[in-house]
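Before any comments, here is the structure.
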Amino acid sequence: MAKILVVDDDELFRELLCTSVARHGHEALAAGTLAQARRLAARAGVDVVYLDVRLPDGSGALAIEELRAGKDPPEVIIVTG
Numbered sequence: 013m014a015k016i017l018v019v020d021d022d023e024l025f026r027e028l029l030c031t032s033v034a035r036h037g038h039e040a041l042a043a044g045t046l047a048q049a050r051r052l053a054a055r056a057g058v059d060v061v062y063l064d065v066r067l068p069d070g071s072g073a074l075a076i077e078e079l080r081a082g083k084d085p086p087e088v089i090i091v092t093g
């Protein structure tokens, strides 16, 4: 089972993707901002991040390197409307 972080400011999309992730047997975590994503990624040790490009507090594209920092970095998949 993978731990998957969904980062998107669109609450409906975030919930739908988390539901799909959970339905496939994985643990889903959700964040609506980069600040929330940073905290969850650091604390939870995620395997995959679905990352929106445009977030209220910054660019997801510019945060990829930071989210992948560490000895066991997650795979990052960019999603955008």
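If you read the sequence shown in my numbering, its first letter stands for residue 13, the second for the next number, and so on. Built from N, CA and C at the ideal position, the CB exists for glycine as well.
Exposed or buried, which one is residue i when buried takes at least 16 other CB atoms within 10 Å?
i, result
"R26", "buried"
"A179", "Within the shown structure, residues of the chain are numbered from 13 to 93, placing residue 179 beyond reach of any answer."
"A54", "exposed"
"A81", "exposed"
"A75", "buried"
"L63", "buried"
With a Cβ-Cβ cutoff of 8 Å, do residue i and residue j count as a contact?
i, j, result
"L28", "L52", "no"
"L41", "K83", "no"
"V65", "P86", "no"
"T45", "D22", "no"
"I90", "G72", "yes"
"A34", "V19", "no"
In the structure shown, what three-state DSSP assignment does residue i receive?
i, result
"R66", "strand"
"V18", "strand"
"V7", "No statement about residue 7 is possible, as the shown extent of the chain runs from 13 to 93 and does not include it."
"A81", "coil"
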